[in-house]
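*Asks:*
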Amino acid sequence: AQSVAQPEDQVNVAEGNPLTVKCTYSVSGNPYLFWYVQYPNRGLQFLLKYITGDNLVKGSYGFEAEFNKSQTSFHLKKPSALVSDSALYFCAVREMGSNDYKLSFGAGTTVTVRA
Amino acid sequence: GAVVSQHPSRVICKSGTSVKIECRSLDFQATTMFWYRQFPKQSLMLMATSNEGSKATYEQGVEKDKFLINHASLTLSTLTVTSAHPEDSSFYICSARRTNEQFFGPGTRLTVL
Numbered sequence: 131a132q133s134v135a136q137p138e139d140q141v142n143v144a145e146g147n148p149l150t151v152k153c154t155y156s157v158s159g160n161p162y163l164f165w166y167v168q169y170p171n172r173g174l175q176f177l178l179k180y181i182t183g184d185n186l187v188k189g190s191y192g193f194e195a196e197f198n199k200s201q202t203s204f205h206l207k208k209p210s211a212l213v214s215d216s217a218l219y220f221c222a223v224r225e226m227g228s229n230d231y232k233l234s235f236g237a238g239t240t241v242t243v244r245a
Numbered sequence: 003g004a005v006v007s008q009h010p011s012r013v014i015c016k017s018g019t020s021v022k023i024e025c026r027s028l029d030f031q032a033t034t035m036f037w038y039r040q041f042p043k044q045s046l047m048l049m050a051t052s053n054e055g056s057k058a059t060y061e062q063g064v065e066k067d068k069f070l071i072n073h074a075s076l077t078l079s080t081l082t083v084t085s086a087h088p089e090d091s092s093f094y095i096c097s098a099r100r101t102n103e104q105f106f107g108p109g110t111r112l113t114v115l
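For the protein sequence lines, the chains are W and H, in the order given. Just so you know, we're using this note's numbering here: the first sequence kicks off at 131 and counts up by one. Just so you know, we're using this note's numbering here: the second sequence kicks off at 3 and counts up by one.
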């Protein structure tokens, strides 16, 4: 079984400050991990992924995430948030080697960046 | 690359009518597509896995006779909401699988009056 937890429903930061969106996962084996962003009435936009290799993954729009196997976490970070980063963020996991390719999504975290 | 489109982006229909939503992979072939439903400010709920040339696999609790899925080609899957009712109003999102990743469409807002 696979699952994702995003412990914060909302994250509020001031523009220019660091932004962190938390994600922990649970899989039986090794994970594929993803972050997506969703703007109102839009589909999901891919931000970044961890498949294998370096634990620090850099993605779109200045976002990065660090895979931490011991803590089963994959927190999303941005050093300096912009007002335009205000959106709904989803973490997702799929177990490596699973043959149904299904993703499990977290509940989502609403990020608000104030000017 | 890896662009997925959905049509229509928004549809309003009367209760009792059927609505078809198309999901297309524009620049790659997808043997597997997924259909999700999303309620306001909530996560995506997987409805079914659409497999090209075979029957869709539905998640528990999803009525297959109400949500008809057809995946007739490697670039097109359709979701038909039959005899739609107001409780079917939602945001429907599809995705198409390419190797180990899913690429998402822009979503379809269905409103049933």
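For each residue, glycine too, the CB sits at the ideal point set by N, CA and C.
Using a Cβ-Cβ cut-off of less than 8 Å, list which residues of the segment 17–30 of chain H approach chain W; keep chain order.
*Replies:* Answer set for the segment 17–30 of chain H: empty.
*Asks:* Between which two residues does the beta strand (DSSP E) carrying residue 150(W) extend?
*Replies:* Note, residue 150(W): beta strand (DSSP E), 149–151.
*Asks:* Identify whether residue 10(H) lies in helix, strand or coil by the three-state DSSP scheme.
*Replies:* If DSSP states are grouped into helix, strand and coil, residue 10(H) belongs with coil.
*Asks:* Give the residues of chain H in contact with residue 142(W), contact being defined as C-beta atoms less than 8 Å apart.
*Replies:* Result: empty, since nearest Cβ-Cβ is about 16 Å, beyond 8 Å.
*Asks:* Give the residues of chain W in contact with residue 108(H), contact being defined as C-beta atoms less than 8 Å apart.
*Replies:* Ordered by position in chain W, the residues that pass the 8 Å Cβ test against residue 108(H) are 172 and 173.
*Asks:* In whole angstroms, give me the CA-to-CA distance for residue 25(H) and residue 99(H).
*Replies:* Using only the alpha carbons, I get a separation of about 12 Å.
*Asks:* Taking residue 232(W) as the query, report the chain H residues whose CB atoms sit under 8 Å from its CB, ordered along the chain.
*Replies:* Neighbours of residue 232(W) on chain H, chain order: 36, 48 and 51.
*Asks:* In terms of residue numbering, what span does the beta strand (DSSP E) encompassing residue 205(W) cover?
*Replies:* Per DSSP, residue 205(W) belongs to the beta strand (DSSP E) from 203–208.
*Asks:* Pick out the complete beta strand (DSSP E) segments inside the segment 38–72 of chain H, 3 residues or longer, and give them in chain order.
*Replies:* Entirely contained in the segment 38–72 of chain H, the beta strand (DSSP E) runs reaching 3 residues are, in chain order, 46–53.
*Asks:* Please list, in chain order, the chain W residues whose beta carbon lies closer than 7 Å to that of residue 99(H).
*Replies:* Here the neighbours are 231.
*Asks:* Comparing alpha-carbon positions, which option in 225(W), 195(W), 232(W) and 219(W) lies nearest residue 240(W)?
*Replies:* The candidate whose alpha carbon is nearest that of residue 240(W) is 219(W).
*Asks:* Might you give, ordered along the chain, the residues of its own chain that have their beta carbon closer than 6 Å to the beta carbon of residue 2(H), omitting 5 neighbours on each side?
*Replies:* There is simply no residue 2(H) to check, as chain H begins at 3 and stops at 115 in what is shown.
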